[in-house]
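The structure appears right after this line, and notes come after that.
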Amino acid sequence: MVELIIPSAIYEEIIAHAREGAPEEVCGILSGKGRLATAIYRARNVASDRLMDYVVDDRTLLLQFEFEERGERLLAIYHSHPESPAFPSATDAWRAFYPETAYIICSLAQPGRPVVRAFYLVQTPSRTLAREEVPSDATPLRGNSSLHARYVGDRHSGRYDFYEISPEGQAKWISCQVHESPILIV
Ligand SMILES: [Zn+2]
């Protein structure tokens, strides 16, 4: 996967935003041209539980149409993990609706040493399975017994499998490919 090119001022701003918002998760977006980030926009985290989760507010997401008018695009969506590693959670992958946009995660889990990594999260079409086909290592996502998830892979690339279990005893399988994208700071 191609690398992201991020000017150091934007890179530092992601970390500064994450630190200001801790212990809550913060989020925002980057505009870009090709692979180069051109600007950063802080968003409002409108998740109901901002300690555990993030949702970018609609007004910020709508900026992508302005980016397109000026020949740019939504290059990346960033958010912070105040206490967990810089790797997409199952919830992050479940809500990844932009296959061509990078997902940047800034982890503050190691004090004094923020870690920023970027991933592409690409969901694949769903398929219906019988309940018995749901692997036993898939666990309920955030206590939701009708949605199970598991991760297969290493810390750079892999796949989340999601199983939406219906009361009729069927399961809808959706997977999300996870690929790390190197970041080049300029
Ligand atoms: Zn996350």
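In my numbering, the protein residues as written are 7 to 192.
Note that CB positions come from ideal geometry on N, CA and C, so glycine has one too.
No experiment lies behind these values; they were computed from the predicted model shown.
Is it true that the CB of ALA99 sits closer than 8 Å to the CB of CYS33?
Taking the sequence shown and counting its residues from 1, one reaches residue 33 at position 27. Taking the sequence shown and counting its residues from 1, one reaches residue 99 at position 93. It is not a contact, given that the beta carbons lie outside the stated cut-off.
I need the boundaries of the beta strand (DSSP E) containing ALA136, first residue and last residue.
Along the sequence shown, read from residue 1 onward, the residue named residue 136 stands at position 130. Element bounds for ALA136: 121-136.
Min CB distance ALA28 to chain C below 8 Å
Although the question refers to chain C, the structure presented lacks it and comprises just one protein chain.
Coarse secondary structure for LEU205, derived from DSSP in three states:
Nothing about residue 205 can be read from this structure; the chain reaches only from 7 to 192.
Contact belief for SER86 with ALA24 at Cβ below 8 Å, rounded distance in angstroms
Counting from 1 along the sequence shown, the entry for residue 86 is found at position 80. Counting from 1 along the sequence shown, the entry for residue 24 is found at position 18. That belief holds up - the Cβ atoms of SER86 and ALA24 are roughly 4 Å apart, short of 8 Å.
If you follow the alpha helix (DSSP H) that HIS23 is in, where does it begin and where does it stop?
In the sequence shown, residue 23 corresponds to position 17, counting from 1. HIS23: member of the alpha helix (DSSP H) spanning 14-27, first to last residue.
Helix, strand or coil for THR97? Go by DSSP, reduced to three states.
Here residue 97 refers to the residue found at position 91 when the sequence shown is read from its first residue. Here THR97 sits in helix by DSSP.
Anticipated Cβ contact below 8 Å, GLU186 with HIS162, distance rounded:
Position 180 of the sequence shown, counted from the first residue, corresponds to residue 186. Position 156 of the sequence shown, counted from the first residue, corresponds to residue 162. Correct: roughly 4 Å between the Cβ atoms.
With LEU114 and PRO88 assumed to form a contact (beta carbons below 8 Å), what rounded beta-carbon distance in angstroms separates them?
In the sequence shown, counting from the first residue as 1, residue 114 sits at position 108. In the sequence shown, counting from the first residue as 1, residue 88 sits at position 82. With 8 Å as the limit, LEU114 and PRO88 qualify as a contact, their Cβ atoms being about 5 Å apart.
Assigned exposure category for SER37 - 16 Cβ within 10 Å defines buried
For the purposes of this step, residue 37 is identified with residue 31 of the sequence shown, where counting begins at 1. Counting other Cβ atoms within 10 Å of its Cβ, SER37 reaches 16 or more and is therefore classed as buried.
Is GLU170 helix, strand or coil when you go by DSSP?
Numbered from 1 along the sequence shown, position 164 holds the residue referred to as residue 170. Here GLU170 sits in strand by DSSP.
Collapsed DSSP secondary structure at GLU186 in the structure displayed:
Position 180 of the sequence shown, counted from the first residue, corresponds to residue 186. Three-state DSSP puts GLU186 in a strand.
Pairs of beta-carbons, one from the stretch 128-146 and one from the stretch 61-70, closer than 8 Å: are there three or more?
no
Evaluate ASN51 with the Cβ neighbour count: other Cβ atoms within 10 Å of its Cβ, from every protein chain shown; 16 or more gives buried, anything less gives exposed.
Within the sequence shown, numbered from 1, the residue matching residue 51 stands at position 45. So ASN51 counts as buried.
Consider the C-beta atom of ASP98 and the heavy atoms of ligand 1; say whether any pair is separated by less than 7 Å.
Working through the sequence shown from its first residue, we reach residue 98 at position 92. It does: the Cβ of ASP98 is within 7 Å (strictly closer) of some heavy atom of ligand 1.
How many angstroms separate the CA atom of ALA45 from the CA atom of LEU57?
By 1-based counting over the sequence shown, the position of residue 45 is 39. By 1-based counting over the sequence shown, the position of residue 57 is 51. Going from the Cα of ALA45 to the Cα of LEU57 covers about 26 Å.
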